[in-house]
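Step one of this worksheet: look at the structure below.
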Amino acid sequence: GENKLIMPFTCNSCGHKDEIHVTKERLNVFNQPEVFEKYFSENSRKFEFKTKKGDEFSLSLPTIAEATTVIEYAREKSLKGQKMDRAFLKIAPFIFNGRRANDQTMTKLLAEFNSWPSDRIMLVNDLLDKLQNSISTKVVHSCSNCGADGEAPVDFLI
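In short: position in the sequence shown from 1, add 667, done, that's our numbering.
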């Protein structure tokens, strides 16, 4: 059978209770912060930045494979008793820039990261904080009683 995710929804306008079939079209996961709009390149599908000092770099939203590669890489290093730079682990998923997600790429990314000036690391860290604050898991729904649009958080309890 087909799996369906159904959640309750209460309208903020009229109080009517609905049941919502959660689909990817109804999920409102990412609201790009305004500060990022002028840096997004439709051609490269990346955020491209140039600092006042002329430093250029790009960030891209990570794929599941890229995020998983970073998690597995950190886990392997931890099991071997090796410490990892927390800033690198936070930034790494966003700097693959189309490269294959594997251990060799992680080694190259770490070498590149270690050559970055500290002001770039601080800037990218700040940008990622803003980006991560714009990610939420909400479902959008129009009330079947009054038609008012609303959002409700989706909580995945395990």
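Ideal Cβ placement from N, Cα and C applies to all residues, glycine included.
Quantities reported herein were computed from a predicted structural model and do not represent experimental measurements.
Excluding sequence positions up to five before and after Ile758, its CB lies within less than 6 angstroms of the CB of Val791, all in the same chain and listed in chain order. In this structure, the alpha-carbon of Pro820 lies about 30 angstroms from that of Arg742.
Gln771 and Leu777 have their C-alpha atoms spaced approximately 10 angstroms apart. A straight line joining the alpha-carbon of Phe755 with that of Leu746 spans about 18 angstroms.
For Asn679, the CB contacts under 6 angstroms within the same chain, skipping 5 residues up- and downstream, are Gly817 in chain order. With contacts defined by Cβ atoms closer than 8 angstroms, Ser725 and Glu709 do not form a contacting pair. CA-CA distance, Asn764 to Phe676, rounds to 39 angstroms. In this structure, DSSP gives Thr677 an extended state, which the three-state scheme calls strand. The residue from Lys750, Thr736, Gln749 with its alpha-carbon nearest to that of Ile762 is Thr736. In this structure, Asp722 is the residue among Gly682, Asp722, Ile687 with its C-alpha nearest to the C-alpha of Ser785. The beta carbon of Ile673 sits closer than 8 angstroms to those of Glu686, Ile687, His688, Val689, all from its chain and outside the five residues before and after it, given in chain order.
DSSP places Leu672 within a strand segment (E or B) once states are collapsed to three.
For the set Lys744, Thr718, Val702, Tyr706, the Cα lying nearest the Cα of Met789 is the one of Thr718. Secondary structure at Glu739: helix, using DSSP grouped into helix, strand and coil.
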